[in-house]
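*Asks:*
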Amino acid sequence: MTMAPTMAEIAAAPRWEEVAARLRPFVRRRVDSDADADDVLQDALVRIVGGIAAVRDGERVGAWMLQVARSAIAEHGRARARHPLPRSGDAPAERAAPPREAEHGDERDAEARVAGSVALFVTRLPSPYREAVTLTELEGRTQREAAALLGISVSAMKSRVQRGRRRLRELIEACCR
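Residue numbering for the sequence shown follows the working numbering, beginning at 17 and increasing consecutively.
1. Decide if Ile64 is buried, meaning its Cβ has at least 16 other Cβ atoms within 10 Å, or exposed.
2. Look up Arg31 in the DSSP assignment and say whether it is helix, strand or coil.
3. Do the stretch 75-88 and the stretch 49-60 touch if we need at least three Cβ pairs shorter than 8 Å?
4. Taking Asp59 as part of the alpha helix (DSSP H), name the residues at either end of that continuous run.
5. Is Pro142 helix, strand or coil by DSSP?
6. Going by C-alpha to C-alpha distance, which of Ile188, Val62 and Arg179 sits closest to Trp32?
7. Drop a sphere of 10 angstroms on the beta-carbon of Gly66, count the other beta-carbons inside from all chains shown, and report buried for 16 or more, exposed for fewer.
8. So what does DSSP say about Arg46, is it helix, strand or coil?
9. For Pro114, which three-state DSSP category applies?
10. If I measure Cβ to Cβ from Gly93 and keep anything under 7 Å in the same chain, skipping five residues before and after, which residues do I get?
11. Judging by CA-CA distance, which residue of Leu136, Arg76, Ala172 and Arg160 is the nearest neighbour of Ala95?
12. Less than 7 Å between the beta carbons of Arg176 and Pro144, yes or no?
13. Give every residue of the same chain whose Cβ lies closer than 8 Å to the Cβ of Lys174, excluding the five residues on either side of it in the sequence, and list them in chain order.
14. Can you give, in chain order, each stretch of the alpha helix (DSSP H) that sits fully within the stretch 144-181 and has at least 4 residues?
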């Protein structure tokens, strides 16, 4: 597992090539292709460069960078769900699904839209809850894995996930009123 750079490394001399090299495997494991990984990584780096000044000394810069990358990955997935690209060589007749599959496709499309909407609400959560919910609910990690990744106890992770879910529900309910 690669380690994200520390605040001291970044403050001393921003070596964005190193940051990119450390983040690329993380991003690549979560997207479909090398080209998608390059696009997501570029988006994440733009966000990191733009937001690095707001990071306070002592904050875990590596965890923050990973969260920025996760957000870029999630946004990429939502964009792909909204605008799927046809495969080259596919004719319209070849892409038409039989009626039963079309019904399931509609369900999957609705699920993708709901998941994208939920992910938008997750971005509004306070940082500790956003990290916990993103890792466990959106990325499918266990609470133990998420705790190890963030360097906190499993008990603390369970609390963050529970509180994050509660706040997420409150945000969604407030929006729907």
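Here a beta-carbon is modelled for each residue, glycine too, at the ideal position from N, C-alpha and C.
*Replies:* This is what the structure gives:
1. In the sequence shown, residue 64 corresponds to position 48, counting from 1. The residue in question, Ile64, is buried, as its Cβ has 16 or more Cβ neighbours within 10 Å.
2. Mapped onto the sequence shown, residue 31 falls at position 15. Arg31: coil per DSSP, three-state reduction.
3. Enough Cβ pairs lie closer than 8 Å, so yes.
4. For the purposes of this step, residue 59 is taken as the residue at position 43 of the sequence shown. Segment Asp50 to Gly67, the alpha helix (DSSP H) holding Asp59.
5. In the sequence shown, counting from the first residue as 1, residue 142 sits at position 126. Looking at Pro142 - three-state DSSP - the assignment turns out to be coil, as it is neither helix nor strand.
6. On the sequence shown, residue 32 is found 16 positions in, with the first residue counted as 1. When only C-alpha atoms are compared, the closest one is Val62.
7. Indexing the sequence shown from 1 puts residue 66 at position 50. Exposed, because fewer than 16 other Cβ atoms sit within 10 Å of the Cβ of Gly66.
8. The count along the sequence shown starts at 1 and reaches residue 46 at position 30. In this structure, Arg46 counts as coil in the three-state DSSP scheme.
9. Indexing the sequence shown from 1 puts residue 114 at position 98. Here the model assigns Pro114 a pLDDT of 47, short of 50, so the residue's position is not dependable, and the following value carries that caveat. When secondary structure is reduced to three states using DSSP, Pro114 falls in the coil class, being assigned neither helix nor strand.
10. The residue given as residue 93 occupies position 77 in the sequence shown. Excluding positions up to five away in sequence, the list is empty.
11. Position 79 of the sequence shown, counting from 1, holds the residue named residue 95. The residue among Leu136, Arg76, Ala172 and Arg160 with its C-alpha nearest the C-alpha of Ala95 is Leu136.
12. Taking the sequence shown and counting its residues from 1, one reaches residue 176 at position 160. Taking the sequence shown and counting its residues from 1, one reaches residue 144 at position 128. Yes.
13. Along the sequence shown, read from residue 1 onward, the residue named residue 174 stands at position 158. Taken in chain order, the residues that qualify are Gln159.
14. 159-166
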